[in-house]
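There are 2 protein chains.
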Amino acid sequence: MSSLVFTPMTRADFTLFWPDFKAIVEARETYAIDSDIDFESAYALWCQAPKATFAVKDQDGTLLGAYYLKANAQGPGGHVCNCGYMVNATARGKGVARAMCEHSQRIARELDFKAMQFNAVVATNTVAVALWQQLGFAIVGTVPAAFCHARHGLVDIHVMHKAL
Amino acid sequence: MSSLVFTPMTRADFTLFWPDFKAIVEARETYAIDSDIDFESAYALWCQAPKATFAVKDQDGTLLGAYYLKANAQGPGGHVCNCGYMVNATARGKGVARAMCEHSQRIARELDFKAMQFNAVVATNTVAVALWQQLGFAIVGTVPAAFCHARHGLVDIHVMHKAL
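Right, here's the structure in full:
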């Protein structure tokens, strides 16, 4: 998808993003986040705790998605980062997630991270698993029955990793 | 090891434990925690953020170690718990870690957790890996070069898991 614009996510951006965030966690299909999380907790989780959070918009300024980037661990584990990506419902299937992941890898290298790790890619989210694999991530572990999916019940999660 | 006494960890217990906690993180061999963490941050990490924290003492009241138990994720991942265990330097090799892990599994079941997951067992910590395996944990993933070990440089970490 061409002509995407990445900017550090503001509180105003997050306010626009919030209905999509809420819908994604309420679906209980992809994120291990409480489905009844409130706005302030979500804002803290997505925009304040991470090292960086970006909004992605089209040329008209329409918000398409957002991602955060943070250290996955501290101290001797601090060279590995972790990201989470969400695409707005109206912007799916247009390469927004791919563009966000590629952007996040550039930012991670600029921040001197040496690897990126996803801790909980829900195994039934095959579109995401395939996309991350296309982008060079490997499944380095699978935790059985670690996610209680709204439709499928207990499903596995994958740990995915890429050296940067 | 017989006659161990487990009690919810108090701030006074943590104050006694602090030199051992500090030595363990400064060693940079087993925990992905900043080696320059201060007391209050360590207390928050070990005793306030977790769902439960236990001190283990001998019959004379001497502190031998401590562990925390918390949910490893939220929402659809909230049925899996995570623990961290530390044994005081003077109490190593006496079965304290084994006793703590067994105790933590009982507490986890009481709290209705369905599984226990360790996210970052340092691969060079072969004593711990073997002990967790003896206690029924499986290595379900290995993340390459995710821990910068003080003596060995970049080493792998294992994700370990046990259904409860």
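Protein chains in written order, with UniProt numbering: chain A, 1 to 164; chain B, 1 to 164. Ideal placement from N, C-alpha and C gives every residue a C-beta, glycine not left out.
- At a cut-off of 9 Å between beta carbons, B/N125 makes no contact with chain A.
- According to DSSP, B/V159 shares a beta bridge with B/G141.
- Per DSSP, reduced to three states, the secondary structure at A/Q74 is coil, with no helix or strand assignment.
- Pairing B/D38 with A/A89, the inter-Cα distance amounts to about 43 Å.
- Runs of the beta strand (DSSP E) spanning 3 or more residues and lying entirely within the region 4-42 of chain A occur at 5-8, in chain order.
- The three-state secondary structure of B/A120, taken from DSSP, is strand.
- A/G77 reaches chain B at A32, A120, A146 and F147, counting residues in chain order whose Cβ is nearer than 7 Å.
- Listed in chain order, the alpha helix (DSSP H) runs fully inside the region 56-110 of chain B are 96-110, counting runs of at least 4 residues.
- Of all alpha-carbon atoms in A/D156, A/T10 and A/L63, the one lying nearest the alpha-carbon of A/A91 is that of A/L63.
- DSSP, read as helix, strand or coil, puts B/A130 in helix.
- If you compare the alpha carbons of B/V56, B/D13 and B/H79 with that of A/P144, the shortest gap goes to B/H79.
- Distance from the CA of B/Q48 to the CA of A/K70, rounded to the nearest whole angstrom, comes to 22 Å.
- From the listed residues B/G95, B/I157, B/F118 and B/I33, the smallest Cα separation to A/V140 is found for B/I157.
- Measuring C-alpha to C-alpha distances from A/T15 to each of A/Y43, A/Y31 and A/L135 identifies A/Y43 as the nearest.
- Residue pairing by DSSP places A/G153 opposite A/H149 in a beta bridge.
- Of all alpha-carbon atoms in B/H161, B/C148, B/H152 and B/G61, the one lying nearest the alpha-carbon of B/L131 is that of B/H161.
- At a cut-off of 9 Å, the C-beta of A/R151 has no neighbouring C-beta in chain B.
- Under the Cβ distance rule, A/K114 counts among the residues neighbouring chain B, one pair being separated by less than 9 Å.
- Secondary-structure assignment with DSSP links B/A115 through a beta bridge to B/V80 and B/A163.
- The secondary-structure analysis by DSSP pairs A/A52 across a beta bridge with A/L69.
- At a cut-off of 9 Å between beta-carbon atoms, B/H103 makes no contact with chain A.
- With contacts defined by Cβ atoms closer than 9 Å, A/G136 and A/A97 do not form a contacting pair.
- Under the three-state reduction of DSSP output, B/L45 falls in the helix class.
- Interface residue (Cβ-Cβ distance to chain A less than 9 Å): B/T142 is classified as such.
- In this structure, A/W46 is the residue among A/A138, A/W46, A/S35 and A/V129 with its C-alpha nearest to the C-alpha of A/P8.
- Ranked by how close their Cα comes to the Cα of B/G84, the residues B/T30, B/G93 and B/L164 have B/T30 in first place.
- In this structure B/R28 touches A/G75 by the C-beta definition: roughly 7 Å separates them, less than 8 Å.
- Chain-ordered, the chain A residues with CB closer than 9 Å to the CB of B/R28 read G75 and P76.
- Annotation: Cβ neighbours of A/Q117 in chain B (cutoff 9 Å, chain order): V143 and A146.
- Shown here for B/A115: same chain residues with a beta carbon closer than 8 Å to its own, the five before and five after excluded, namely H79, V80, C81, H161, K162, A163 and L164 in chain order.
- Rounded to whole angstroms, the gap between the alpha carbons of B/A123 and A/S3 is 44 Å.
- Rounded to whole angstroms, B/C101 and B/N119 show a C-alpha spacing of 15 Å.
- If the five residues before and after B/A150 are omitted, its C-beta is found closer than 8 Å to the C-beta atoms of A27, R28 and E29, all from its own chain and listed in chain order.
- Straight across, the Cα-Cα distance linking B/D20 with A/H152 is about 45 Å.
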